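J.: What follows is a single structure, and I will ask about it in a moment.
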C-alpha cells in the first residue's frame, strides 16, 4: 500500500545515514521502524523478510531488453548499488548482460547519496567518460551532479523534482536506450 511505501522511503535513508551497517541490517531496522510507525506487530522471526526476499525481486520488464541493446551497441555497463555483495549476487541472476563495474555499499562502507559510490566508481573508471543513469533522484542524480557526473534520470514515477536537474530525463530504460543507441 502507498502508506507503507511512503513510510519506508522516508525511514530507510534515515537508517542508512545513522551509521554504516550491512544492507541486511538496514532493511531489518527499516522494517521494524515502519511497523512501529504504522502500529503493526512485526514478529522478531519475520524482521528479516525484506533481505530474504531481495534476491527474488525481478527487474522492470524493460530493463534486460534495454541493457542488451546498450551492451550490443558497445556500452560498458555498471551497477552502483546500496546493497551488500551477497544480496546483489542474487539480484544479478535476473540480468542477461555482464557488468563491467560493480560498486556496492558494502564495498565503500556507506550508502548513496553519500559520496563513496561515486568516488570509487570514478577511481575504477579512470579518465573514461561515463553516464550515471538511475531511478532515484535523491540517491543518484543529486550526488552524481555534485560530482559533476553526467546523469540520466529514469523517472518511472513521473515525479516533479527541482534542482539539481539531470542532463536527460526519461521514463523508461527503453527511452534511455533509444536516446543512446
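Numbering (my numbering), first residue to last: -2 to 178. Where a beta carbon is used, it is the ideal one built from N, C-alpha and C, also for glycine. Given the structure is predicted, the values throughout are model-derived calculations rather than measurements.
For residue 101 and residue 81, which I take to be in contact (beta-carbon distance under 8 angstroms), what is that distance rounded to the nearest angstrom?
T.: Within the chain shown, the letter at position 104 stands for residue 101. Within the chain shown, the letter at position 84 stands for residue 81. Sure, about 6 angstroms apart at Cβ, within 8 angstroms.
J.: How close, in whole Å, do the beta carbons of residue 4 and residue 35 come, if the pair is a contact with beta carbons under 8 angstroms?
T.: Your numbering for residue 4 matches position 7 in the chain shown. Your numbering for residue 35 matches position 38 in the chain shown. About 6 angstroms separates the two Cβ atoms, so the contact holds.
J.: Locate the alpha helix (DSSP H) running through residue 131, then write down its first and last residues.
T.: Looking up residue 131 in the chain shown gives position 134. Per DSSP, residue 131 belongs to no alpha helix (DSSP H); it is in the beta strand (DSSP E), 129 to 131.
J.: In whole angstroms, what separates the C-alpha of residue 138 from that of residue 173?
T.: Position 141 of the chain shown holds residue 138. Position 176 of the chain shown holds residue 173. Answer to the nearest angstrom: the Cα atoms are 15 angstroms apart.
J.: With burial defined as no fewer than 16 other Cβ atoms inside 10 Å of the residue's Cβ, what is the status of residue 109: buried or exposed?
T.: Residue 109 sits at position 112 when you count from the first residue of the chain shown. Result: buried.
J.: Taking 8 angstroms as the threshold (C-beta atoms), are residue 84 and residue 131 in contact?
T.: Position 134 of the chain shown, counted from the first residue, corresponds to residue 131. Position 87 of the chain shown, counted from the first residue, corresponds to residue 84. No; because the gap between Cβ atoms is not below 8 angstroms, this pair is not in contact.
J.: What is the C-beta distance between residue 147 and residue 164, in whole angstroms, given that I count them as a contact (C-beta under 8 angstroms)?
T.: As a working note, residue 147 is residue 150 in the chain shown. As a working note, residue 164 is residue 167 in the chain shown. Between residue 164 and residue 147 the Cβ distance is about 5 angstroms, and since that is below 8 angstroms, they are a contact.
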